Amino acid sequence: LAVTYEALPGDELAAIVEVARDRGVVLVVDDAGGARVGPAVLGQPRTLELGADVGVTGLDKYGVTGPRLGLLAGRRDLVDTIRARAIELGLEARPMLLPAAVRSLEQYRPDRVRELVATTQELGDALAARLGDAVTRTPFTIKLRGEDLLAGASVGEGEGIVPVEATAALAMQLLQEHGLLTVHFAAVPPGTPDLLLKFVPPETLVALGGADSLAAAIAGSVERTLDVLGSGERIRELLYGRAAAGASA
553 LAVTYEALPG
563 DELAAIVEVA
573 RDRGVVLVVD
583 DAGGARVGPA
593 VLGQPRTLEL
603 GADVGVTGLD
613 KYGVTGPRLG
623 LLAGRRDLVD
633 TIRARAIELG
643 LEARPMLLPA
653 AVRSLEQYRP
663 DRVRELVATT
673 QELGDALAAR
683 LGDAVTRTPF
693 TIKLRGEDLL
703 AGASVGEGEG
713 IVPVEATAAL
723 AMQLLQEHGL
733 LTVHFAAVPP
743 GTPDLLLKFV
753 PPETLVALGG
763 ADSLAAAIAG
773 SVERTLDVLG
783 SGERIRELLY
793 GRAAAGASA
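Residues in the sequence shown are numbered from 553 upward in steps of one, following the numbering used here.
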């Protein structure tokens, strides 16, 4: 599962493993959320079932409950070497976190991952009904692209507004108006001007009034953001506050 939330097809994964094996290369898979999404949603093999020598994932999202640390598994000789190096660098997980990590793994259910994806797609359907083609989707996520936001705004010549500023403005609008903390994708390497909605818990959706209610709130913020994008000064005020906007003016 790439940082863009596009998944590698199973045949491509198998081909990569075969090439590594043919060349005698150690294969390390940084599987992140794919360690759960691949098997639970796409029916793909688990990380080590792919034929990887070492697999890495995290414990803070996508159906697990934390703590935020990495989980490493695989060939014992490689894991021992990596663990020793991690200790040298001070990167090992602190012992007090280990019971929570064990509980997180014990409580993991593939059904929970499928629930999170289904809820996200329910929100995607509701958003698409309001925003149409401005909603971009993967099998797991919803994205609002900065380029699409900017294309829908009346931006004056010389304002110099770029797509990443458009999604930053929308993210701030959602935070100020609805208390919604979203993933502004520019902060995630390799970086894109997208706003990301992913793995929405059904409990959260219910608390916000359901998919239609949340979609209406997001669509309203999008409409107001398009109005703000017409003025560089208003964007600066939204992102940095009135004093900062006045100083830059």
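The C-beta atom is built at its ideal place from N, Cα and C for all residues, glycine as well. Predicted model only: the values in this text are computed from it and were never measured.
{"query": "Leu668 versus Pro591 - alpha carbon distance", "result": "14 Å"}
{"query": "Residues that DSSP places opposite Arg689 in a beta bridge", "result": "Ile694"}
{"query": "Residues near Ala674 by beta carbon distance below 6 Å, same chain, minus five either side", "result": "Checking the displayed sequence, the identity of residue 674 turns out to be Glu instead of Ala. Excluding sequence neighbours, Glu674 sits near Ala763."}
{"query": "CB of Asp802 within 9 Å of CB of Val608, strictly", "result": "The structure shown has nothing for residue 802, since the chain only spans 553 to 801."}
{"query": "Cβ-based burial, Glu564 [other Cβ within 10 Å; buried from 16]", "result": "exposed"}
{"query": "Nearest neighbour of Leu766, chosen from Ala584, Gly676, Arg635 [CA to CA]", "result": "Gly676"}
{"query": "Reference Ala723; option with closest CA among Val631, Val780, Gly712, Phe751", "result": "Val780"}
{"query": "From Ala566, Leu791, Ile770, Thr734, residue whose alpha carbon lies closest to that of Ala681", "result": "Ile770"}
{"query": "Element boundaries [alpha helix (DSSP H), containing Asp582]", "result": "Note, Asp582: premise wrong, no alpha helix (DSSP H); beta strand (DSSP E) at 580-582."}
{"query": "Cα-Cα separation between Gly562 and Ala604, rounded to whole angstroms", "result": "14 Å"}
{"query": "Asp677 - containing alpha helix (DSSP H), residue span", "result": "662-683"}
{"query": "One or two residues paired with Asp700 in a DSSP bridge", "result": "Answer is none; Asp700 lacks a bridge partner."}
{"query": "Outcome for Ile639 when other beta-carbon atoms lying within 10 angstroms are tallied against a minimum of 16", "result": "exposed"}
{"query": "Nearest residue (CA-CA) to Ser783, options Lys750, Glu729, Val714", "result": "Val714"}
{"query": "Asp746: first and last residue of the uninterrupted beta strand (DSSP E) it sits in", "result": "746-750"}
{"query": "Cβ neighbours of Arg776 in the same chain (closer than 7 Å, five flanking residues each side left out)", "result": "Gln725"}
{"query": "Sequence-distant residues of the same chain with beta carbon closer than 7 Å to Ala584, five excluded per side", "result": "Leu553, Thr609, Gly610"}
{"query": "Burial state of Tyr557 (16 or more Cβ within 10 Å)", "result": "buried"}
{"query": "Rounded C-alpha distance that separates Ala572 from Leu602", "result": "12 Å"}
{"query": "Strand pairing of Thr609, partner residues [DSSP]", "result": "Leu623"}
{"query": "Buried or exposed (CB count within 10 angstroms, at least 16 for buried), Tyr792", "result": "exposed"}
{"query": "Per DSSP, cross-strand counterpart(s) of His736", "result": "Leu747"}
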